[in-house]
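Step one of this worksheet: look at the structure below.
Number of protein chains: 2
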Amino acid sequence: MKIDPNSPADLSAQIANAIRDAIVDGTLIVDERLPSESELADHFEVSRPTVREALKRLAAQSLIRTQRGASGGAFVNRLSYTDAYSQQVTTSTLLLSMNAVSFETACEARYAMERACAPLSARRRSADHLATMRTEIHRQSQPGLTDEAFCASDVAFHRALVDGAGNPVLSYQLAGAVEAMQPLMNMITFTARSREAIVALHTTIAEAIETRDEDASIAALSALETETLGLARRVFAARSAGTPAASHPDDGESHAPEPRFKPRKTTSI
Amino acid sequence: MKIDPNSPADLSAQIANAIRDAIVDGTLIVDERLPSESELADHFEVSRPTVREALKRLAAQSLIRTQRGASGGAFVNRLSYTDAYSQQVTTSTLLLSMNAVSFETACEARYAMERACAPLSARRRSADHLATMRTEIHRQSQPGLTDEAFCASDVAFHRALVDGAGNPVLSYQLAGAVEAMQPLMNMITFTARSREAIVALHTTIAEAIETRDEDASIAALSALETETLGLARRVFAARSAGTPAASHPDDGESHAPEPRFKPRKTTSI
DNA sequence: CACTTTTCATTTGTCTGACATTTAAAAGTC
DNA sequence: GACTTTTAAATGTCAGACAAATGAAAAGTG
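Structure (structure tokens):
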């Protein structure tokens, strides 16, 4: 592991890259302890604060974890599905919110990927997955539900559908597509009628998954995509036409001219 | 933006979370300049090194960029597709390499997602995408190609297929699935016969995309999945049976008992 | 000897203060 | 006015120090 002190790049970035590469290529293996900060500082011939900045960069990506105390130090972290999942969601959420990705584009990507899961889910779903889907459908039928709670339940329903495929890699990949859509969905107001349509389609999907009907599950997802897209178009058209009749009461503090993007609660760095 | 000095968590982590949340929820907007490190240190009532550690955490996630000099500072970064893409690839690669994900699982996830793209690509692909696919097929037919070059070309082919769908969100999501598989694919030795089969299937896919035959593109991808899976199984079975006949010459320095995982070259943190 | 308590060395977390380097803007010069 | 020089502000880096956590060894105790 070497760095170039004459490079224009920050020393801490170079050190972080060097250590990360060592992790990625297997020189440093999971749960192995890195040298102490002082030793790293000596090795790279930099000061300890510089080493620390490098370690914080790695910690931000869940590549290492640190522990204080006698036999403490920095350890190579096994990237769990949970860690990867939350990073994926954060990245996807930011990507969508910062790049003015159209609802159409995000929606299309999401449903294309869900359709990829559906047949697998139909084949493999457990009773648990099915029960979760039914529970969420029931929740979505409750009259007093807020729009945000409705969206949250929607995400839970789709997560169960995806998890039903029994492929953790697929679940992890889909996490971004499904959860990152939630802020966009939160911008939509769901009328009683539109909720009814969505619940009906969710029911169709659940039935297809229950009867292991792969084609029906795909068809129902396509129908749901069409429904969602149409709903979003109507809502946005109504707003841009200056009739924010059914819109949320604005908090007045937003500096964005567009309907506000409502982020999910975020997890720890 | 507040932090709790009595929390057990690191101050730098708390500060990073506070700033990240401000970015995610829109309090800090793209290209906005953060207060200087000294001002942030005053605001949070911590020292400048602590603030710097927090900023490095954010920089590692491409949430901010820093600039030196007079009117320099830390700026909220617009997360580009390129940034998101490379983070996605790194995370996926590590997830696969550190969690002993079976080839079957990764392969299934990848092809399921690609099948989701194929119909869209058949509908929308430009002549450019098709040309890239044809070029890569031709490259893959060259006899002198190393296994790694063959894999790289394979990735390029599939990228063109995915990009053909014309949905940047989909391309970004698929990046992880396709590229993170490359190290796994690199563990496989491709015999002339297996390359032939793969090239033939690639040709079938390209033809389906060219003639805008959605169903044929999906069928060809499924066939490719079967072929890849069978190939991998044969290779791994042969190795575990103690006949590493067609395996790579081992470098002897690997401490892993399994066939070594060959990572892609990584980009900057 | 077995067990508990204390001490202690190690390591990360944080602070202070300083200097180096970069960079854009202001000031000066022709 | 165009060019050069100076300057100030900001990040990047350094050195040394102390605080806090923590496990292990040492000391004490029955």
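Just so you know, the sequences run in chain order A and S.
Taking UniProt numbering, the leading residue of the first sequence gets 1, the next gets one more, and so forth.
Taking UniProt numbering, the leading residue of the second sequence gets 1, the next gets one more, and so forth.
From the three backbone atoms N, C-alpha and C, an ideal C-beta is built for every residue, glycine too.
Assuming the contact rule is C-beta atoms closer than 8 angstroms, residue i and residue j should be a hit. Round their C-beta distance to whole Å, please.
i, j, result
"A206(A)", "I137(A)", "6 angstroms"
"L40(A)", "V24(A)", "About 18 angstroms separates the two Cβ atoms, so there is no contact after all."
"A116(S)", "A112(A)", "4 angstroms"
"L184(A)", "F236(A)", "That belief does not hold up - the Cβ atoms of L184(A) and F236(A) are roughly 11 angstroms apart, past 8 angstroms."
"A106(A)", "V169(S)", "6 angstroms"
"D154(A)", "Q142(A)", "Not a contact, Cβ separation roughly 13 angstroms."
"S194(S)", "G164(S)", "Actually they do not touch by this definition, with Cβ atoms about 25 angstroms apart."
How big is the Cα-Cα spacing for residue i and residue j?
i, j, result
"I64(S)", "V30(S)", "9 angstroms"
"I269(S)", "N17(A)", "6 angstroms"
"T27(A)", "A60(A)", "20 angstroms"
"T189(A)", "A152(A)", "14 angstroms"
"P35(A)", "M1(A)", "12 angstroms"
"E45(A)", "Q173(A)", "40 angstroms"
"T91(A)", "G176(A)", "8 angstroms"
"residue 341(A)", "T211(S)", "Here chain A comprises residues numbered 1 to 269, so residue 341(A) is not present and cannot be evaluated."
"P244(S)", "F150(S)", "Confidence is the limiting factor: at P244(S) the pLDDT is only 48, short of 50, which leaves the residue's position unreliable and the question unanswerable from this model."
"H202(S)", "A220(S)", "8 angstroms"
"I3(S)", "I15(S)", "7 angstroms"
"S222(S)", "G166(S)", "22 angstroms"
"A22(S)", "E108(A)", "29 angstroms"
"S38(A)", "F75(A)", "15 angstroms"
"E114(A)", "S171(A)", "10 angstroms"
"E225(S)", "L94(A)", "32 angstroms"
"T191(S)", "S97(S)", "24 angstroms"
"T146(A)", "A9(A)", "49 angstroms"
"E53(S)", "M187(A)", "35 angstroms"
"N99(S)", "V89(A)", "20 angstroms"
"L58(S)", "R33(S)", "14 angstroms"
"H158(A)", "D213(A)", "17 angstroms"
"P5(S)", "S62(S)", "26 angstroms"
DSSP has residue i in a bridge; who is on the other side?
i, result
"I64(A)", "V76(A)"
"R33(S)", "F75(S)"
Can you check whether the C-beta of residue i is within less than 7 angstroms of a C-beta belonging to chain S?
i, result
"E207(A)", "no"
"N6(A)", "no"
"A106(A)", "yes"
"T27(A)", "no"
"A84(A)", "yes"
"M181(A)", "no"
"V169(A)", "yes"
Is the shortest distance between the beta-carbon of residue i and the beta-carbons of chain A less than 7 angstroms?
i, result
"P49(S)", "yes"
"F103(S)", "no"
"H248(S)", "Low per-residue confidence applies at H248(S): pLDDT is 43, beneath 50, and the placement is therefore not dependable, though the value from the model is reported in the following sentence. Answer no: the Cβ-Cβ gap between H248(S) and chain A never drops below 7 angstroms."
"A245(S)", "Unreliable positioning characterises A245(S) in this predicted model, as indicated by a pLDDT of 44, which lies under 50. A coordinate reading is not provided."
"A100(S)", "no"
"V178(S)", "no"
"K2(S)", "no"
"L221(S)", "no"
"M187(S)", "no"
"E214(S)", "no"
"Q173(S)", "yes"
"T91(S)", "yes"
"E32(S)", "no"
"E53(S)", "yes"
"V46(S)", "no"
Counting pairs of beta carbons, one from the region 76–84 of chain S and one from the region 125–135 of chain A, are three or more of them closer than 8 angstroms? no
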